[in-house]
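Asker:
In the UniProt record's numbering, the protein residues as written are 1 to 84.
1. With respect to the beta strand (DSSP E) encompassing residue 18, which residues constitute its N-terminal and C-terminal limits?
2. Output the residue ranges of the beta strand (DSSP E) runs that lie fully inside the stretch 39–71 and measure 3 residues or longer, sorted by chain position.
3. Got a sec, what are the start and stop residues for the beta strand (DSSP E) residue 75 sits in?
4. I need the boundaries of the beta strand (DSSP E) containing residue 6, first residue and last residue.
5. In angstroms with no decimal places, state the Cα-to-Cα distance between residue 37 and residue 60.
6. Of all the options 69, 42, 68, which has the alpha carbon lying nearest to the alpha carbon of residue 57?
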């Protein structure tokens, strides 16, 4: 199992993009977010004028909701090239 990584106090599309660029996360990888953070992303998308692909992805990296409850708020888990 991979470790959990802090990407910011408030996870948003902008912080995810910045993190992906800074850490050079590859297209095809996935980020698993805490359910609360995932819902914040959905709210941000609902109130945005930008279109967003479904399933949710940012720069080719899939955003997934943690259904296990293992990922703390403000952290993500990186899944490398997972086939879902």
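Beta carbons: idealized from backbone N, C-alpha and C, even for Gly.
Here the structure is a predicted model, which means the values were calculated and not measured.
Answerer: Straight from the coordinates:
1. Not the beta strand (DSSP E): residue 18 falls in the alpha helix (DSSP H), residues 13–23.
2. 61–65
3. 75–79
4. 4–6
5. 19 Å
6. 42
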